[in-house]
Amino acid sequence: MGLFSFIKEAGEKLFGGKEAQAATAAAPTQDELNAKASKAIETYIASQNLGASNVQVAFEGPEGKVTVKGAAPTQAAKEKVTLCCGNVASVTSVENLMDVTNPEPEAQYHDVVRGDTLSAIAKKFYGDANKYPVIFEANKPMLSHPDKIYPGQKLRIPQAK
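Take 1 as the starting number for the sequence shown in the UniProt record's numbering and just add one per residue.
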């Protein structure tokens with residue numbers, strides 16, 4: 001697993017926004033902003049209940065790069081941590097250095113574009129639109145509903161069984 005690229009403007013809005021604009025009186029340093037963003041991403045990963053342990057996130061603000069370390073129980077959990085980090089607004093790349101307890105083959109990835117549906121993506125990768133639940137399950141809990149995907153989002157596409 002190498003360095004994964006993401007679209008900076010797409011994704012969960014975990015930090016920045018109004019809060020960053022309101023902090024004009026005593027503007028925080030870049031290191032403080034990076035630490036706050038790192039903590040927000042760690043909290044988001046923890047909220048997904050992926051079974052990862054000792055998760056440590058480092059965010060480099062100007063570059064939009066996230067480096068994540070820790071331990072994941074499965075390859076799927078490691079890949080979901082990558083997506084948790086990358087599908088956050090302001091993140092452009094993720095380097096996942098996590099150890100995997102039970103290694104498995106890596107999944108493929110798909111960048112969602114306007115007009116995509118899970119059915120269309122399933123048809124492209126598996127030759128069968130009715131296999132969209134495989135993709136939905138592979139991206140839970142980040143996806144809450146099969147119809148709620150957005151352009152710029154990166155999805156895991158597990159190997160066909």
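The C-beta atom is built at its ideal place from N, Cα and C for all residues, glycine as well.
For the beta strand (DSSP E) containing residue i, list its first residue and its last residue.
i, result
"Val112", "Counting along the chain, Val112 falls outside any beta strand (DSSP E), and DSSP gives it neither H nor E."
"Gln56", "53 to 60"
"Ala71", "65 to 74"
"Leu3", "3 to 5"
"Asn87", "Unbroken run through Asn87: none, as it is neither H nor E."
"Thr101", "99 to 102"
"Glu95", "93 to 96"
Could you pull out every residue in the same chain whose Cβ sits closer than 7 Å to the Cβ of residue i, ignoring the five residues on either side in sequence?
i, result
"Lys13", "Ala89"
"Glu160", "Here residue 160 is Ala; the residue named in the question, Glu, does not match the sequence. The residues are Tyr126."
"Val113", "Pro151"
"Lys69", "Gln56, Leu97, Met98"
"Glu42", "Val55, Val57"
"Ala77", "Leu50, Gly51, Ala52"
"Pro103", "Gln75"
"Leu33", "Gly61"
I think residue i touches residue j, with their Cβ atoms under 8 Å apart; what is that distance to the nearest whole Å?
i, j, result
"Asn87", "Lys154", "6 Å"
"Ile135", "Ala120", "Actually they are not in contact, since the Cβ atoms of Ile135 and Ala120 sit about 10 Å apart, beyond 8 Å."
"Leu143", "Tyr132", "That pair is no contact at about 11 Å."
"residue 236", "Gln48", "Nothing can be reported for residue 236, as the shown portion of the chain is limited to 1 through 161."
Under 6 Å Cβ to Cβ from residue i, same chain only, skipping five residues before and after it: list those, please.
i, result
"Asp99", "Ala71"
"Ile149", "Val112"
Return the chain-ordered list of same chain residues with a C-beta closer than 8 Å to the C-beta of residue i, the five sequence neighbours on each side being excluded.
i, result
"Ser93", "Leu3, Phe4, Ser5, Phe6, Glu63, Gly64, Lys65, Val66, Gly86"
"Asn139", "Lys80, Leu83, Leu155, Arg156"
"Gln21", "Reliability of the predicted coordinates at Gln21 is poor, the pLDDT of 48 falling under 50, and no value is obtained from them."
"Thr101", "Ala71, Ala72, Pro73, Thr74"
"Thr24", "Only weak support is given to the placement of Thr24: the predicted model assigns it a pLDDT of 47, under 50, and the question is left unresolved by the model."
"Asp31", "none"
"Asp128", "Ala122"
Which residue marks the beginning of the alpha helix (DSSP H) containing residue i, and which one marks its end?
i, result
"Asn34", "30 to 47"
If you measure from the CB of residue i, is any heavy atom of the ligand MG nearer than 7 Å?
i, result
"Gly86", "Summarising the ligand content, the structure contains no ligands, and the ligand MG is consequently not present."
- Message: Which runs of the beta strand (DSSP E) at least 3 residues long sit entirely within the UniProt domain "LysM" (108 to 157)? Give them in chain order.
- Response: 108 to 111, 154 to 157
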